[in-house]
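Student: Before I ask anything, here is the structure I am working with.
Protein chains in written order, with UniProt numbering: chain F, 1 to 382; chain V, 1 to 511.
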């Protein structure tokens, strides 16, 4: 009983650890079942490319959920923005950089529009999302005329399909590891200055060694295939930027405050409506990036693009330990949640599991993950 | 005289060692109306919860005899079956259901097939309406279509339908207009003639005087006295209610009071559910540089609503004019109020004060985080420096500024909420029940801090239901009652009796 309690405490404190163990188990299972085919560098590269789109959506969604809202329209919005990008590319020959700017702006505006309805006109976000899901999908059908539009620009296709040269990958890996070391040292110094407990050196060293192995392994595995895929790089950049935003910016702090106690935050003089609306704008920008990546990956804008994308994104956030009551959650958690979902998809497809079984398994995993979260956080509830 | 219908003897009820009730006696004869009087927190509601078995037999000491037999009820259902029905201050009606459905809720008449027998229920409900002199009420219409006064009577109909022999009315007129109150008091007299007994809890002593035969006064959980109404004057009741000695120490220090800095004129707030009723009715006051202005009044006097309106956070319809340094000021949101230098420490700390999952330090910098940031990027060193200064200045006890605030004691949480508002450099600081749920040590520190602030020239508006505290720290005391200003006293040897009398409405517009 006591041992169980201890394990429970460790996991509720280091949620990420539990998630990593889950991934290890899932990968081990699929590797065993596929007789090693799952763990080849080709498939791993594939897996990361598959997860990138869901992960981009999840990075935006996690903040929406932390603030106590939800956005069901992201799948359709992804499709619409991807479709618009394809039309701009094919019918108007817009150069890719301009296309990127236009679609990003459009995504942000659509998101802000959603956010305006939620924050200022006080329509529940569930309803706004449901409405947007229909409206954006309808708009996509109108834009594409219900047909698939193959894109022509090489740069555009590269956005979804290109790989970084191996050397660049290694340089980035070294830079990233250096950054982690600096951050660790700074955190330690900070904690010591404010009389907080500091983890022993061996623990910190082990953590850094593990990070080095993960980064090194990640880059060398991807390099041994074709290199780091561009969408995966984009996803990692977003992960870094958003984690920084969550911890170090006024906006990030306010998102958590709004989600933990909206009234107290408002009565502290914070413009909570603006915070909420901006969040949806950010979500829209993520939809734009995901939509561009999706269109580039398929080399075509499709009227069914992003179907059910919102559910994968939301599931990733919850699997990644974001609280349904708002106020807590991390971007890293959401990304790992997306990795778990993508691993299940990829592994089961590889084992040629029937698609209906895939849906049943994914649904059950979501239910199980959230239940575990509820059970493990029970102790801290009062 | 007839035998007692209800006899409560030596009731003692403790909450984790603290005695909320300490030997209370209450006796009621059939057809008698007993007025239960006492200040906020004297134990009136607790006593009624013991009687109606919200706290079941065994949770308290003493005995209850009902109709000559000992009553050992385990739940509200049993006391209701016996004929004791409590009508709470907040009505328990379902607004979208019809009058009939509400009257019969949980008590429905069914046909042999198990379906609802609407014909029989409507007939009985209409009879009850006639009995309560409301024959014009259409019992098939939803309760929401009728006003507060009617709803109160519908609650009584519901009680009578359960064959109540003792009605407990907890502040029954707090949401009624004068005319509605008169009707209700008439009905109570009528019920008395029919042999129904009442226990009435009310702050409004004129109403108690109008219908009650006997008065029982409790104070700080103790039984102070029971006397026939005829032998008592309202002044005597007030003396019995207050009578508390000022035992706490207040660090009152001499400080200079300057010119008027802030004025609020014609503050009016309408009730959210019943816009016809005014929670605050045309209140005006001014606040001077370095002054502590206390606001006294009973619960429901509209003080919190007034504070919210000034701070731009009152959700219902309201109107007011504000002036800061003689300049007109418009405040449409808490954000604008904080920017103008008006800060509020709210009454309900848990719901409106703290952000529970965040650290103590982050709670403190929540209101003005932008001051510790450039281009939206937080300067962590500057932020932590500000946090540490506040923690040191207010003696907030926490192992680390990063610790989640929900783990702190009430007093330290309150100090953190205060710190948050101090960082915004207020010129006018509104404190709504700043020491509620705070231990004695922290209370003293909060008073000390208030003294330090007024010396710096901050003007403080302090709402408090604790008279000793209010008289202990205020320079001037406003008394509000039923949404109106009933007194404005310089606190120069001001007595609790004077303030209480004004709050209850016995002295009109003194000083």
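Think of the CB as a built atom: it goes at the ideal place given N, C-alpha and C, for glycine as much as any other residue.
1. With H, G and I counted as helix, E and B as strand and the rest as coil, what does DSSP make of residue 257 of chain V?
2. Which ranges does the alpha helix (DSSP H) cover as unbroken runs of at least 4 residues, wholly within the stretch 179-249 of chain V, from first to last along the chain?
3. Would you tell me roughly how many angstroms separate the C-alpha atoms of residue 59 of chain F and residue 222 of chain F, rounded to the nearest one?
4. Residue 351 of chain V touches chain F at which residues, Cβ-Cβ below 8 Å?
5. Pairs of beta-carbons, one from the stretch 261-273 of chain V and one from the stretch 296-307 of chain V, closer than 8 Å: are there three or more?
6. Can you give me, in chain order, the residues of the stretch 231-258 of chain F that have a beta carbon less than 8 Å from any beta carbon in chain V?
7. If you measure beta-carbon to beta-carbon, which residues of the stretch 269-280 of chain F are closer than 8 Å to chain V?
8. Can we say the stretch 356-366 of chain F touches the stretch 50-66 of chain F, given the rule of at least three CB pairs closer than 8 Å?
9. Alpha carbon to alpha carbon, how far is residue 452 of chain V from residue 386 of chain V?
10. Could you check whether residue 151 of chain V and residue 93 of chain V sit closer than 8 Å to each other, using their CB atoms as the reference points?
11. Assign residue 171 of chain V to one of two classes, buried (16 or more other C-beta atoms within 10 Å of its C-beta) or exposed (fewer than that).
12. Please compile the residues from chain F whose C-beta is within a distance smaller than 9 Å of the C-beta of residue 378 of chain V.
13. Within 8 Å of any Cβ in chain F, is that where the Cβ of residue 355 of chain V sits?
14. Starting from residue 33 of chain V, follow its DSSP beta bridges and name the residues at the other end.
15. Please state whether DSSP places residue 436 of chain V in a helix, a strand or coil.
16. By DSSP, does residue 188 of chain F sit in helix, in strand, or in coil?
17. Taking the straight line between their C-alpha atoms, what separation do you get for residue 176 of chain V and residue 85 of chain V?
18. Give the interface partners of residue 241 of chain V over in chain F, defined as CB-CB distance under 8 Å, in chain order.
19. Closest to residue 142 of chain V by C-alpha separation, out of V:382, V:401 and V:154, would be which residue?
20. Check the C-beta distance from residue 292 of chain V over to residue 473 of chain V and give it rounded, since I have them as a contact under 8 Å.
21. If you measure between the beta carbons of residue 378 of chain V and residue 372 of chain V, is that distance less than 8 Å?
22. May I ask you to report which of helix, strand or coil DSSP gives residue 509 of chain V?
23. How would you write the range of the beta strand (DSSP E) that residue 278 of chain V sits in, first residue to last?
24. Which residues in chain F sit within 7 Å of residue 358 of chain V, going by Cβ to Cβ distance?
25. Can residue 313 of chain F and residue 157 of chain F be called in contact, C-beta distance under 8 Å?
26. Within a Cβ cutoff of 6 Å, which residues of the same chain sit near residue 206 of chain V, ignoring the five residues on either side of it in sequence?
27. Give me the chain F residues within the contact set of residue 313 of chain V, using Cβ-Cβ distance strictly less than 8 Å, ordered along the chain.
28. If we ignore side chains and look at the alpha-carbon of each, how far apart do residue 511 of chain V and residue 278 of chain V end up?
29. Can you find a CB in chain F that lies within less than 8 Å of the CB of residue 367 of chain V?
30. Could you name the residues of the same chain whose beta carbon sits closer than 8 Å to that of residue 333 of chain V, not counting the 5 residues immediately before and after it, in chain order?
31. What residues of chain F sit near residue 420 of chain V, judged by a beta carbon separation below 9 Å?
32. Ignoring anything shorter than 4 residues or poking outside the stretch 115-190 of chain V, list the alpha helix (DSSP H) runs there in chain order.
33. Three-state secondary structure (DSSP) at residue 463 of chain F?
34. So within the stretch 95-121 of chain F, which uninterrupted beta strand (DSSP E) runs reach at least 3 residues, ignoring any that extend past its ends?
35. Output the boundary residues of the alpha helix (DSSP H) element that contains residue 393 of chain F.
36. For the stretch 315-342 of chain V, enumerate the residues whose C-beta is nearer than 9 Å to any C-beta of chain F, in chain order.
Tutor: Looking at the atomic coordinates:
1. Sequence index remark: in the second chain, residue 257 of chain V carries index 257 (1-based). Three-state result, residue 257 of chain V: coil.
2. 205-211 and 234-241
3. Position 59 of the first chain, counted from the start, is the residue given in the question as residue 59 of chain F. Position 222 of the first chain, counted from the start, is the residue given in the question as residue 222 of chain F. When rounded, the distance between both Cα atoms is 22 Å.
4. Locating residue 351 of chain V in the second chain gives position 351, where the first residue counts as 1. Neighbours of residue 351 of chain V on chain F, chain order: 261, 263 and 264.
5. yes
6. 248, 249, 250, 251, 253, 254, 256 and 257
7. 269, 270 and 271
8. no
9. For the purposes of this step, residue 452 of chain V is identified with residue 452 of the second chain, where counting begins at 1. For the purposes of this step, residue 386 of chain V is identified with residue 386 of the second chain, where counting begins at 1. Distance between the alpha carbons of residue 452 of chain V and residue 386 of chain V is about 18 Å.
10. Here residue 93 of chain V corresponds to residue number 93 of the second chain, with the count starting at 1. Here residue 151 of chain V corresponds to residue number 151 of the second chain, with the count starting at 1. Yes, these two residues count as a Cβ contact at 8 Å.
11. Numbered from 1 along the second chain, position 171 holds the residue referred to as residue 171 of chain V. Label assigned to residue 171 of chain V: buried.
12. For the purposes of this step, residue 378 of chain V is taken as residue 378 along the second chain, with counting starting at 1. By Cβ distance, chain F contributes 247, 248, 249, 250, 252 and 253.
13. Numbered from 1 along the second chain, position 355 holds the residue referred to as residue 355 of chain V. Yes, because at least one Cβ of chain F sits closer than 8 Å to the Cβ of residue 355 of chain V.
14. What you label residue 33 of chain V is simply residue 33 of the second chain in a count that begins at 1. Note: residue 33 of chain V sits in a beta bridge opposite V:198.
15. As a first step, residue 436 of chain V must be located in the second chain, where it is residue number 436. Residue 436 of chain V falls in the coil class under three-state DSSP.
16. Here residue 188 of chain F is taken as the residue at index 188 of the first chain, counted from 1. Residue 188 of chain F falls in the helix class under three-state DSSP.
17. Residue numbering aside, residue 176 of chain V sits at position 176 when the second chain is read from its first letter. Residue numbering aside, residue 85 of chain V sits at position 85 when the second chain is read from its first letter. So the alpha carbons of these two residues sit roughly 21 Å apart.
18. Numbered from its first residue, the second chain carries residue 241 of chain V at position 241. Near residue 241 of chain V there are no residues of chain F at all, since even the closest Cβ is about 33 Å away, more than 8 Å.
19. Start at 1 with the first residue of the second chain, and residue 142 of chain V comes out as number 142. Ranking V:382, V:401 and V:154 by Cα distance to residue 142 of chain V puts V:154 first.
20. If you number the second chain from 1, residue 292 of chain V lands on position 292. If you number the second chain from 1, residue 473 of chain V lands on position 473. Between residue 473 of chain V and residue 292 of chain V the Cβ distance is about 6 Å, and since that is below 8 Å, they are a contact.
21. Position 378 of the second chain holds residue 378 of chain V. Position 372 of the second chain holds residue 372 of chain V. Yes, the Cβ-Cβ distance between residue 378 of chain V and residue 372 of chain V is below 8 Å.
22. Working through the second chain from its first residue, we reach residue 509 of chain V at position 509. Annotation note: pLDDT 43 at residue 509 of chain V (below 50); position unreliable, coordinate value reported separately. Residue 509 of chain V: coil per DSSP, three-state reduction.
23. The sequence position of residue 278 of chain V within the second chain is 278, counting from 1. Looking at the DSSP string, the run of the beta strand (DSSP E) that includes residue 278 of chain V is 278-288.
24. Position 358 of the second chain, counted from the start, is the residue given in the question as residue 358 of chain V. Ordered by position in chain F, the residues that pass the 7 Å Cβ test against residue 358 of chain V are 256, 257 and 260.
25. Walking along the first chain from the start, residue 313 of chain F turns up at place 313. Walking along the first chain from the start, residue 157 of chain F turns up at place 157. Taking 8 Å as the Cβ cut-off, residue 313 of chain F and residue 157 of chain F do not qualify as a contacting pair.
26. What you label residue 206 of chain V is simply residue 206 of the second chain in a count that begins at 1. Closer than 6 Å at Cβ, skipping near neighbours: no residue.
27. If you number the second chain from 1, residue 313 of chain V lands on position 313. 266 and 267, listed in chain order.
28. Here residue 511 of chain V is taken as the residue at index 511 of the second chain, counted from 1. Here residue 278 of chain V is taken as the residue at index 278 of the second chain, counted from 1. Caution applies to residue 511 of chain V, whose pLDDT of 39 falls short of 50 and renders its modelled position unreliable; the value that the coordinates give is listed next. Each residue's Cα considered, the two are about 25 Å apart.
29. Residue mapping note: residue 367 of chain V aligns to position 367 of the second chain, counting from 1. Answer yes: the Cβ-Cβ gap between residue 367 of chain V and chain F drops below 8 Å somewhere.
30. Along the second chain, read from residue 1 onward, the residue named residue 333 of chain V stands at position 333. Closer than 8 Å at Cβ, skipping near neighbours: 312 and 313.
31. Residue numbering aside, residue 420 of chain V sits at position 420 when the second chain is read from its first letter. 268, listed in chain order.
32. 118-131 and 148-161
33. Absent from the structure is residue 463 of chain F, since the part of chain F shown begins at 1 and ends at 382.
34. none
35. In the structure as shown, chain F begins at 1 and stops at 382. Residue 393 of chain F is therefore absent and cannot be evaluated.
36. 333, 334, 335, 336, 337, 338 and 339
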